[in-house]
Amino acid sequence: TIVVHGSVGQIFITGPKIFSRLFRNLVNTMAPSLSPIRSHHVAVIGAGAAGLVAARELRREGHSVVVFERQKQVGGTWIYTDHVEPDPLSVDPTRIAVHSSVYGSLRTNLPRECMGYRDFPFAIRSGVSESRDPRRFPSHGEVL
């Protein structure tokens with residue numbers, strides 16, 4: 051079993067977004083492929099794309115995996131927040147500190163065909179939502 055722990059407790063995944071679907075797919079389809087000679091308890095730090103894939107592959111090899119995430123949701127650098135706050139210790143006291151490298155209109159720089167995994171393609175699923183963007187370079191909202 052993969053367990054995701056966050057700084058505010060257990061993380062619950064909802065919604066049709068790619069990381070949520072990847073996480074549900076990861077939990078539901080991770081039967082170990084081959085049992086290793088020796089199974090280990092492994093901690094994966096971060097529930098972004100790399101952390102989730104690492105957890106899945108470790109689990110497939112028969113290890114017991116726990117994923118730790120400091121945010122309230124999975125997604126890593128794709129988590130968008132418009133939260134800003136003053137930075138009074140800055141050289142410029144009017145400077146605003148932004149807590150995300152993702153901005154509201156951000157689109158990926160890779161086509162969706164390159165962003166998927168062999169067993170989990172990043173494809174548009176028909177009937178999920180009429181608001182999904184069919185363009186090749188999805189927005190941050192579709193990634194997360």
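FYI, the numbering used here numbers position 14 of the sequence shown as 64, with every residue one higher than the one before it. Built from N, CA and C at the ideal position, the CB exists for glycine as well.
Residue i burial status per 10 Å Cβ neighbour count (16 or more: buried)
{"i": "A93", "result": "exposed"}
{"i": "V117", "result": "buried"}
{"i": "F172", "result": "buried"}
{"i": "P86", "result": "Only weak support exists for where P86 lies, its pLDDT of 47 falling under 50; the value from the coordinates is given anyway. P86 comes out exposed."}
{"i": "H91", "result": "exposed"}
{"i": "L139", "result": "exposed"}
{"i": "L108", "result": "buried"}
{"i": "L102", "result": "buried"}
{"i": "H133", "result": "exposed"}
{"i": "R106", "result": "buried"}
Neighbourhood of residue i by C-beta distance below 8 Å, restricted to the same chain and skipping five residues each side
{"i": "S89", "result": "G112, H113, S114"}
{"i": "A104", "result": "V94"}
Whether residue i touches residue j by CB criterion (9 Å)
{"i": "A97", "j": "Q121", "result": "yes"}
{"i": "I146", "j": "E135", "result": "yes"}
{"i": "F187", "j": "T158", "result": "yes"}
{"i": "S189", "j": "L160", "result": "no"}
Range of the contiguous alpha helix (DSSP H) that encloses residue i
{"i": "H190", "result": "190-193"}
Cutoff 7 Å; reference residue i; Cβ partners in own chain excluding five residues on either side
{"i": "R185", "result": "none"}
{"i": "S151", "result": "T127"}
Same chain only: Cβ atoms within 6 Å of residue i, ignoring 5 sequence neighbours per side
{"i": "G166", "result": "F172"}
Threshold first: 4 residues or longer. Then list the alpha helix (DSSP H) segments lying entirely within the stretch 93-168, N to C. You should have 99-110, 162-165.
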